[in-house]
Structures are given as C-alpha cells and as structure tokens.
C-alpha cells in the first residue's frame, strides 16, 4: 500500500511541475476595484487550490467537533435514561413485593370443579 501511495504522490507532484512549467503566462486578477494582482497562471491556480484545501480542512475539523459535541450529548442522555430505567425497575420490584404480600394476606378461596359443572348444566337446560 505504501508503494501505491508513493506512486500517486510522485505522479501528482510530477504533473504539478509540468503544469507549472507550461503555464507561466502572467494573469491579472481584479480582487476589488482598484486592487489588481498579476501572477503566473500556475501560481494562481496552486494558490487557489491551497485555499480550497485549507477551507476543506477547516470544514472537516468543524464538522468533527460538532459530531463530538453531539456524541457527548447523546452519551449523557443515554446515562440519564439508564438511571431512569434503574429507578423504574426498583419501583417495579417494590410494587411486586407489595402485591405479593397483599395476596398472601387474602383468605384462600377454592372453587370446586363439580359445582362449576352443575352451574353450566343448569344454564344449558
């Protein structure tokens, strides 16, 4: 992989040198009224490419920072949700134990199957 990267960088550098040697004609840039700059075409294009690369780098850094802030915010929200889940599970266990104790205090009632069968047969007639 290093050989491929070296080959690409070397080829790009060689193309840049050839481009610079072939495009040495002076070019006038009108920035504002009364502000004119004369630069070789290749130098101007390399300058503009450099400004574009730096702008892209700043944009990537800004986007990365915003993603980190969002990730940190989501992590704190996740932790808050986990705490809330633990609280709800504690409440649920407490309610279950309360219901179990209350069910234990109720008198035991049993319904015999023969009395249910008699009730059903009288309804059918």
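Residue numbers (full-length UniProt numbering): 1 to 125. Each residue gets a CB set at the ideal place from its N, CA and C atoms; glycine is no exception.
Sequence-distant residues of its chain with Cβ nearer than 8 Å to residue i (five each side left out)
i, result
"residue 43", "20"
"residue 39", "26, 27, 29 and 47"
C-alpha gap between residue i and residue j, whole angstroms
i, j, result
"residue 105", "residue 93", "19 Å"
"residue 1", "residue 11", "15 Å"
"residue 13", "residue 53", "16 Å"
"residue 50", "residue 33", "24 Å"
"residue 23", "residue 77", "57 Å"
"residue 70", "residue 35", "44 Å"
"residue 59", "residue 87", "42 Å"
Practice task
Counting only runs of 3+ residues fully inside the segment 20-90, write out the beta strand (DSSP E) ranges in chain order.
Solution key: 26-32 and 35-40
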